[in-house]
Structure formats: structure tokens, C-alpha cells
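Shown next, in C-alpha cells, is the structure this report addresses.
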Amino acid sequence: MSKPINSKIFVYQWNELEEGFGDKKELFIECYGLSISGDNIYLKISGFHPYFYVELPTEIENNDNLIQVIIRDLKKITKWKENMPISITVERKRKLYYTHKEKKVVNGEIIKTDKLFPFLKIAFKTKSAMDSYAFFLRKEINGYKLNVCEYERNVSQVIRFLSFMDLQPTGWIKFNGSLMNMSDCTFKYCVTCDRMNIQQCDANVVVLPKVMCFDIEANSVKKNSMPDATLPEDKIFQISFCILSPKGKIKKYLLTLGEVNKKVIGDDVIVETFNKNEAELIMAFNKYVKELNVNVIIGYNILSWDLKYMIDRCELLKIKDDFCNMGIFNEVCEIVSNSFKSKAYSAQNLTYVDAKGRLFLDLLPIIKRDYKLSNYKLKTVTTHFKLPTKDPLTALDIFNHYTNYFSNLTKYDLRDVEPSYKELYRNNVHGLSLVGKYCVQDSYITLLLYQKLQLWFGLCEMSKTARVPIFYLFTEGTQIQMYSQVLCYCNKNNIVVNKGIQSSEDNYQGATVLNPVPGKYDKVLSFDFASLYPSIMMAYNIDYSTLVIDDNVPDEDCHVFEWNEHINCVHDLNRKKKKDGTFSTAKRKVFCADRKFRFLKEEVGGKGVVPTLLNEHISARKNTRKQIAINENTIEKCISQILYLLHFYGHQLEDKFINIMNDFLKDITNIPEIFDEFDKLKSNNIEKNDDQFIQFIGKEFHDNFQYITSNDLTDKITAIKNNYTSTVQYNAVLDKRQSSYKICANSMYGAMGVKRGYLPLPQGAMTITYKGRSSIEFISTFIPQNYNGKTVYGDTDSSMIYFEHIKNNNDAVKLAEEVTQEMEKHFKKPMKLEFEKIYEKYLILSKKRYIAQVANKEGKIVDFVKKGVVLTRRDNCKALRDIYLKTAVDILDNVPKNDIIDNIVDYFNNMFKRKMDYNLFVITKSLSKDIHEYDTKKSLPSHVQLAQRMRNRGQNAETGSRIEYLFTTMGRPDIDYNQGDKVESLEYYEKWQCYMRVDYLYYLKKQMTTPLDEILSVGLKVDHFMEKLYLYHYQHYLVCQEINSLRNTFDIEYVINDIECEKEDENKQDIDNNEEKEEDTKKKKPKKKNTLKCIIQEPEYIQYSKNNAKKLWKLEYDYIETNKDKYTNDTDKKQLKLLKKLRNVKLTKEDIDEEEKKKPRSRNKINRMIETADELIMTNRYNKYD
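The opening residue of the sequence shown carries number 1 in UniProt numbering; numbering runs sequentially from there.
Here it is in C-alpha cells:
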């Protein structure tokens, strides 16, 4: 062990470690990071002891002798020496929950101060000892039972250590430690847990790590199923990975079983081939991870699939321990499985190797949390961000290429086989090469996505603000983030994070949504509160520590909130009723309570914990945004852009250690050599720039650069050049930082409302939502009354008000500014009503559903806003969204009504002519729950039924993923199937689309009629148009079905002539001989064509067919007459001519409804047998041509 060394480390990972046995076991906190030059640094911190608090009973609070007896007995409570506490001390601390004040006399005056409670702080060597010891606290000690559970025990020891030492989880830390010799890590230091040895270091430089992005390809012997790691044949046959250096250079690698063509893969790809040995392939990946010494390992869905599959294969191959040895140390790492569910990430089932010093990042859950896309396939995501996409290779293609290559042909020597077999072998090599190219593309574009989103900056800044390590951000919920922030604050302010009294309230009323006035409006002004819920919490000091439950505290010292909630209860005058006048018994949320809560005023008891944290976040965000604005206008930006564009120094300068002075003291700054044009100071220690050194300039000071000084006048002074990043990149860091402040501030309210969360405070959540409701209701009433306006809509934090007298946008802006200034008098700071925007055109449909055009002060349209309508929902097909958007824009632009209607008619005519691609009808829905989580007494949602079918077929349908599907006719369009029977996955439809069709009628009726009728009714005052359009197309559908069934029995001319004869007979007044009539009729009748005599001779069948033919051909004429442009050839014209005589009869809506009633609502047993037979036929046909 060497002498103590002072140094710095950029930390990105933390871990807790227990070493030793018995009473020699100790807890260590491990810290992994990088130096300024990119070297790996490992800190092993000793001397930190986990602890928790136990509250002493109030009756022995001042009995020091009894307390000492309890402490003595507590030390002997367990006979196991390793579980005994190392210290028990008495500490007097404040409680987090509720207001606790006591009166004290200070200088002759009575003042109120925070009451301090006696707690026992019990510390241990290890966390396992602490957990074992906690069990014994339930026993009575000297007749007393500790009446409060232990506090702060279940927190992670990493979080505990960081809060105890007041350190940020990510960023720069100064430490004083002893350097240890180590072969598998660049530097290893042993550090003692002491605030003098470990301190936070403020620096804006973000060190970029070495990143590996990987992807695997595996075979499946069941071609229609996902690979199964338990089957020996389902091998991993290719692993690709790309390495991103801190300088921004990317290297591509491919590990493969079997030969590949380097020209297909790419000349820039390093290929390593293995001869059918899967174990060698996997261990080669492990070798590269350690040899290249990567810091961060990323991928797309790697924590849910790739890593789990690799671990399972390693277990099958008996190399599990070897594979799990992938940390920076030569030791086997633990395999961790973690399952959780949150609103941000939905259901997550993660499996990974807890590789020390290597941070795993999965981009899929991060993308799901931050972006709303129709699906989260990598191709869809990269297309959304305008990045390169991969080749269109399907899973079946991959399996077939693998099978073709590793067939029996590979057993032969190519020199001993015919040329045709050599050509076949080369084709198989080409196929395997295509898979390899595809695999490399997967890794490469995922790495580009990582760079595009600047994830490293975002994760680092969010980790700092939320006070949790980076890995916690997507492997834990958001509750731990607030808890960590509160715990850190409490540790610094002598507060114990105790537990509150469990509330009996299960539900409470949320935000208000005012009943809108549907219609189209011009120049609607939108007002909203800036950060409504955080500002309410700060304005009224709503916090755990300010909630007053003591009746002795007077109301004048408190913010008092009193209201009642009566919704869907017997007291609700607006409770919904049935047609018969009785109240509805349908399941609805019921609120029936009179509420009153009090929170201590800031001027009486000081600012609460959460309001203090909120104030810090909001203030820091404002300062950060100001800094971004300043940086955008500085000369440094111009210089950095010139350097970047001209590649004068490259995209990023290297980190170097250089000596710049000897035996004297100087202040220096790290400004690149571009400033030599203005400062001619030279030094013999500086060389010209060739990516080797960087020049430092003396006698110059700049705000945006850090200075390095030394007080040691005897030794050489070494300056460490910081990573020089352009202002643009630095602004990217600042932008991520201000975003993290906003996210953390807005999540405080949500954490209070979770009843079983880390820190529940339902009283606070109820009060916040009540104050939000009352504020919106106030402005929605006050402004219209005093400024001659009309509130057309109001929701959680905003109100839309229409002023009829406003004619131009300048007047609108002046009025809005006047309104906001007046509102400052009515709300307590920092609550602030702001003028948000001018809606030039505003179409409100119902609650939380509107479409609008946003205009600037000059009246120019600058944005299109859509909230709650089908355009924002992903469970609608694109065909609907396209026509809905076109219709909405036309209505807002005042396009003539007839033109809008004609456009809709033409659109659906094209749809039924099958001129639209089937991809426009794809719908996506999320599998938010597993099948067993649904109530089986009710029918499962259609997409869940589809997922069940997909799994039975061997297709992948994981919980938390999004399913793409269509509604099909299933080969029998005349039967009205259940939704679950009609849906089919996109992948399956593409495979069998020659045997199934999109059910356009179903889309028109179930998906498109209601939303389009609504917007037409509100925007154009046209009612039920889409219902009539559906009725028309449904009539045509019935006509076509009957025609198809009759064409094999009757020729069209025969039917028409027969009808004509009947009409002539009706017009004759005198008919003497019935036989003559029959002969005349027979003369006019042509010979029957394509007719089965045995069927035609049946009188009942003839009459049935003739009657239906009359009715249906008249409907067919109506359709053809309105679509003349479709019928152009001679046959169609002849048909049209014959039908012109039959225009008088139409089916009514009642006729259609009657037809639908006759149709079975679900398939019977015979229909299911038919479907099974059809599927078998399709399968046989497909296999025949496959």
C-alpha cells in the first residue's frame, strides 16, 4: 500500500459489497468511475456502517437511566456475535411527518420551536446483520415494548451512503486514498469513509465512457416460433458489437459460426469465425468485453431478451460462471432478475449480469418512457428519428439462412463435389453473410440512436438531480427518486424519515375538467398556471412536516382547506339516472366525504421539506436556462463552431498530462490555440497541435473555463487538460439538466398520492388537487365576467376563453397581458397565471378533446394542436387518422361544406375499391397486463385474445409490448364474428393475405363512423352523415353477396326479361287466356344459361331467387348509377342499361337492422370447424409452394 493520494473521479456506478465471515464480515461501498484522461478508477470505501432509527416511548423520554438500561439490553438481545450492533446512541431529532412544535422561553420571550424526539441510532457492521437484528426489536425490554417500527431500514445502502456523505450519484468526487496494485483495473484506491476523505467536486465537464453496443442472432428449429434457449439446436450463431470511443470513433465487430463473405458484411467490420462451437463464440464476446475494457454496454431490449437468452444458453453449455466473469475484476458476477411495473415503463421483466465496473443500459424502456410511437420496433424508432434503418430481413429468413448453411452440405469438402453444389454452398454463405450484415446493422443503428438522443448526458444529469445511481433510473420506479431526495435533505437537517399514520381514504377526487361548449371558435385565448401543482405546494407550504394534526394549533397559524366531495353518492344532485328515473348502479368511482386539512404557514413554522426541494429545482432550472441563452450568444460559441466545422482540432480534443511551468506559481486556463492570434505568449513546453498537446495561455481569465493552480513551489506543477467541448455540446448538457429539474419537480406531487409508496401523504395530494380545481374554476368565472368573455373549456391547469369583441391578434395579446397582471392580485406567489397562446381556430368536441391552430402575434399559423382526438391515439388505424386530419383542417380553414363531404365520399370509395394499402389499417395496442391478470368472467379484449393465439402459434407477444393487428373478414364476410375472432396480427396477415381480406365494412362502422360523425356534427352541423354512408356501402355489400350466390343459377338477362314480362302483364287490362300469356312469356324468355335443371324446376327456389333478384338488382343500379366512372367496358355498360328500369325500390335502415339481427353474433361449433379446416388448407398450400 502506497502513501495517500489526492485525486478526482467521475463516478458512474455504485455497489455495496460484504466481505468476510462471522464477526469479521464487513460492508464496503464500491465506486466505479473514470479519470479525466479516461482511465478506469475503482474506490473501495470502508468504515461505513449501516444504521436505522428506533423511536423511544414518550414516557421514558427524560429518564436517562432507563434509556441506558435499554441500550445495555439491546446490545445483548442476540447471542450471535456477528449480528450484534457496533454502537447504539441516543439522538434527538425532528420527525418528517406532521407538525410538532413546543414552546420555549428565550430571552424572556415565548417562542415556538421544532420539537426534538429521542431516537436510538443502532449501527451495524453489515446490512445482513442489521436485517437479522431487526427481528428482535419486537420483544419487550424491561417491561417496555418499543411502540414504533424501525425507520430508514429498508433503504439501499448505496442511497444511505450517498445521503450520509452528501454526494451526488454521478459526477466528480474528490477523494484521498491509498493506491493498491491491481492488474485488472487501471487504478484501485482504498478510501476510509470520512467527509475529509470524500467530497463532492463541482465541475461541468462530463467524461465520455467507452461504449459497447451489441446484438445477437439465434436460430429456432420451430420456424414459426421464437428461439427457445432450452433447445440444443436453438444456438446463438452470431454476435455483433460496435465500440464507441470517447473520441467518437466507432469500430464494428462480428463473431459468427460459419464462413461469411466480407464484401457483404462490409470492409469496415472486423470478423472472427468459429467452427460450429457456440460456447467459443459466447466466450469470445466475454473476452472482448474485458479486453476492450468497456464502461457502458448498451443494446435494444437486451435486459429483457438478449442477456437472458445468453445466460440460459451458457447454463445449457455449462459455461455460466465463465460467462458471468465479465466485470473489471477477475470474479464471477451475480445474475439479477428484476420485475416491476410503473406508469412510465409499464411491465418490466429484466435479467442481467451485475458486472462490476460495467453499466448496462437498455434503450427500449427509455424510448417507451419518453416517446409515444405506434410500435417500438427498432426500425420504427430509427425511422422516427431519421436514422438509417436495417435490411428487411425477417425472423424466418434468419432461421432459413442458418438452416441452409448448416445443412449436410457443409460436411463435404468442396473439392470433392460437383460445381452445382459449390454454387449452392456459395449461396448459403451469402445467406449467412446477409444475416451477419443485418446483425451488425442492429448494433450500429442502436449506437447511433444512443448518440442522437445524447443519452449519456441525460442520464448523468437526471441521476444527479434525482439523487439515485444511473442504473436505478430505468430498473426502479420513480418513487425511489423522491425518497432519495427527501432522505438526503433530512440527513442534513436533523430529521428522521418516519412513517405517517395510514390513511383510511382509498380514493379522492382528482383534477377538474370543466364541461366544454362544443363548437368552432375564432381567436380563443389560452391561460394556464406555470407548474400548477408545484407552485401550490410552495405557496401553501404543503408538506409532510407541515400537516397539522394537533387541535391545539390555531387556525390563524395554518393554511386551512375545507371542502366536500360528493360524486356519484346519494348526496350528488347531478348523479346520473336511468330512463325510468332510478339511479344508475353501474360501477363508477364514488366520493362522499367532508374534508378539512391544515398546513402550517411558512412564516410560523418555516418552509417544509418538499417546498424547499421544489424551490431549489425551479430556481436551478431558471438559472440553467439563462446560462443556455447566454452561451448561445458568446464568442466561445462562434470559435467552437469554427473549430468543429474546419476540424481544426477535430470533434474532441484528447486528454493529456502536460507540464507547463516549473518552480513558480501561475494561474492558467485551458483555451485552445486559436487564441494565439490574440495572445503571443509562448512556452518551450508547448508543441503545435497535432492531437498530442494543447496549449494553455497565461494572464487571461474567462468565465466559461476552469483554472488550475498550485501552491507547491518546489515540485513541478502538472496541469490536467479538461475535455474541451463546444458550447453547443455544453448547452446539450445544460438542456438535459434543466429537463431533469422539471421532471423531478413535477414528480413530487405524484409520490404523495401513492398510498403504498415510499412516502405517501394522501392528505397533501387531496389538498393540492382541490386547490387546483378551485383555481381553475375561479379564473374560468372571473375573467369572462370582468372582461366580456366566454369560457369554452378548462382542464387541469388551463382555461380557454373566447372574447367575441376581439378582432385581431394585437388586441388579443394586450388583453391577455392585462388579464394576467390582474390575476397576480388573486393568487399567492409563486402561483402565476400565464398567457399561453392564441388559438386562431379552435374546435372543441368534448372534455379533453379539441383541435386548434396556434397563431403568433402577427396572425401567422405556427402550430397545430390536437388533444384527445383520434389523431393522438395509437389504437386507431392510419386510414382513419388521415381522413380525420384532412377533415379537421378543412373545417378549421372554412372549406365549403360540400367539398368536405365530397372528399370523404371519394376517400371511402377508394377504400372499397381497394386502392389503399393494408398497412393503413394496422392498429396497435399495448399488452399492459398478462392474460391471467384479467377478470376471466368477462370477455378478454380482442388484442389480448390475439396475443393468446399468437403465443399458441409460437409467435412472440410479451407483456408490455405493443401488438400490431388488423380486422379481417376471416374468409366469411357474411358472418358477424366477435372482435377477438376477426383480429389478426400484421405478421400473420402478410403471410396469408392471399387467403384473407381486410374487413372495410367493419372499419367503417366500428372505427370511423363515430369520430367522423362527431367532428362533422360539431364543425359543420351535419348529423349522421357517416351512418348513412355506412348504410349505403352495406347495401352494396349485400347486393354483391346475393349476386355472387345467384350468378351460378340465373343469367342476368333471364332475370331482367322475366321481370319485364311481369310488368307488362300487370299493365294489361284484358287477358282472356292464361295459356296465351304463358306462351307469350316463354317466347320472350331466353334459354337458361349455366343452370342446374334439377334446381330450377323447384317452384319455391325459382320464386325465392326471382324475388331477391328484383330487390337486389334495383340496389345494384343505385350503386352503379353513382359510380359511373368505375364501369367503362361494354359488359358493364350493358349491365347498366338493363338495370335502369329497376330504380324504384330501396332497402331502408330498418331492413338493414333486421338483416343484422338474423345474423349470428358469434361463431358456432360448425363455423369453428370450418375455420380450422380453412387454416389447414392454407397451411398445406403454403407449405406446397414454400
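Every residue gets a Cβ at the ideal spot worked out from N, C-alpha and C, and that includes glycine.
What you are looking at is a predicted structure, and each value in this text was computed from that prediction instead of being measured.
query                                                                                                                                                                    : result
What residue from Ala203, Cys213, Ser739, Leu387 has the CA that sits closest to Asp306's CA?                                                                            : Cys213
Answer yes or no: do Gln853 and Glu840 have a C-beta to C-beta separation smaller than 7 Å?                                                                              : yes
Excluding the 5 residues flanking Leu34 on each side, which residues of the same chain have their C-beta closer than 8 Å to its C-beta?                                  : Ile9, Phe10, Tyr12, Asn40, Ile41, Val207, Pro209, Asn295
Any idea what DSSP makes of Gly299, helix, strand or coil?                                                                                                               : strand
By Cβ distance below 6 Å, which residues in the same chain neighbour Thr924 in space, the five residues on each side in sequence not counted?                            : Ser374, Asn375, Arg874, Arg962, Glu964
Near Lys771, which residues of its chain fall below 6 Å by C-beta distance, leaving aside the five closest residues on each side in sequence?                            : Ile536
Could you have a look at Val138 and say whether DSSP puts it in helix, strand or coil?                                                                                   : A small correction: the amino acid at residue 138 is Arg; Val does not occupy that position in the sequence shown. Residue state, collapsed to three classes: helix.
Report yes or no: do three or more beta-carbon pairs, one from the segment 187-198 and one from the segment 478-489, lie closer than 8 Å?                                : no
Looking at the structure shown, is Trp80 part of a helix, part of a strand, or coil, going by DSSP?                                                                      : coil
Cutting at 7 Å between CB atoms, please list the residues of its own chain near Asn855, excluding the five before and the five after it.                                 : It should be noted that the sequence gives Ala, not Asn, for residue 855. Asn809, Ile838, Glu840, Ile861, Val862.
Who does Gly519 pair with in a DSSP beta bridge?                                                                                                                         : Ile844
Nearest by alpha-carbon distance to Tyr558: which of Glu565, Asp543, Ile567 is it?                                                                                       : In the sequence as presented, Tyr is not what sits at residue 558; that position holds Cys. Nearest C-alpha to Cys558: Asp543.
Just the Cα atoms here: how many angstroms apart are His49 and Ala129?                                                                                                   : 11 Å
Answer yes if the segment 276-292 comes into contact with the segment 312-320, meaning at least three C-beta pairs across the two stretches below 8 Å, and no otherwise. : yes
Roughly how many whole angstroms lie between the Cα atoms of Ile67 and Glu152?                                                                                           : 21 Å
What does the Cβ neighbour count give for Ala745, buried or exposed, with the cut at 16 atoms within 10 Å?                                                               : buried
Could you compute how far the alpha carbon of Ile29 sits from the alpha carbon of Leu17?                                                                                 : 6 Å
Tell me which same chain residues have a C-beta within less than 8 Å of the C-beta of Tyr438, skipping the five on either side of it?                                    : Glu217, Lys390, Asp391, Leu393, Ile398
Could you give the first and the last residue of the continuous beta strand (DSSP E) run that contains Asn40?                                                            : 40-46
Entirely within the segment 198-230 and at least 4 residues each: give me those alpha helix (DSSP H) ranges in chain order.                                              : none
Pop quiz: Phe474 and Ile366 are said to be a contact at Cβ under 8 Å. What is the actual Cβ separation, rounded to whole angstroms?                                      : 6 Å
If we call anything under 7 Å between Cβ atoms a contact, is Lys235 one with Leu396?                                                                                     : no
Under a three-way DSSP split, which group does Leu880 fall into?                                                                                                         : helix
Taking only the alpha-carbon atoms, compute the straight-line gap between Lys736 and Asn338 and give it to the nearest angstrom.                                         : 28 Å
Please return the same chain residues whose Cβ sits closer than 8 Å to the Cβ of Val468, not counting the five positions on each side in sequence.                       : Ile159, Pro169, Glu476, Ile480, Gln481, Ser484
Would you list the one or two residues that DSSP bridges to Asp362?                                                                                                      : Gly299
Between Gly789 and Phe803, is the Cβ-Cβ spacing less than 7 Å?                                                                                                           : yes
Closer than 8 Å is the cut-off here; do at least three beta carbon pairs connect the segment 80-89 with the segment 488-496?                                             : no
Just the Cα atoms here: how many angstroms apart are Gly20 and Arg138?                                                                                                   : 29 Å
Could you please give the first and the last residue of the uninterrupted beta strand (DSSP E) stretch that includes Lys866?                                             : 861-867
Round the Cβ separation of Phe175 and Ser37 to the nearest angstrom and send it over; I've been treating them as touching at under 8 Å.                                  : No, Phe175 and Ser37 are not in contact; Cβ-Cβ is about 17 Å, not under 8 Å.
With 7 Å as the threshold, decide whether the Cβ of Ala466 is near any Cβ in chain B.                                                                                    : Absent here is chain B; the protein component of the structure consists of one chain.
To which residues of the same chain is Asn181 closer than 6 Å at the C-beta, ignoring the five residues directly before and after it?                                    : none
Measuring CA to CA, which of Leu1029, Ser739, Lys829 is closest to residue 1199?                                                                                         : Outside the displayed range of the chain (1 to 1186) lies residue 1199, so it cannot be described from this structure.
So, does the segment 1010-1017 touch the segment 880-889, judging by three or more C-beta pairs under 8 Å?                                                               : yes
Tell me the DSSP secondary structure of Arg595 in three-state form.                                                                                                      : strand
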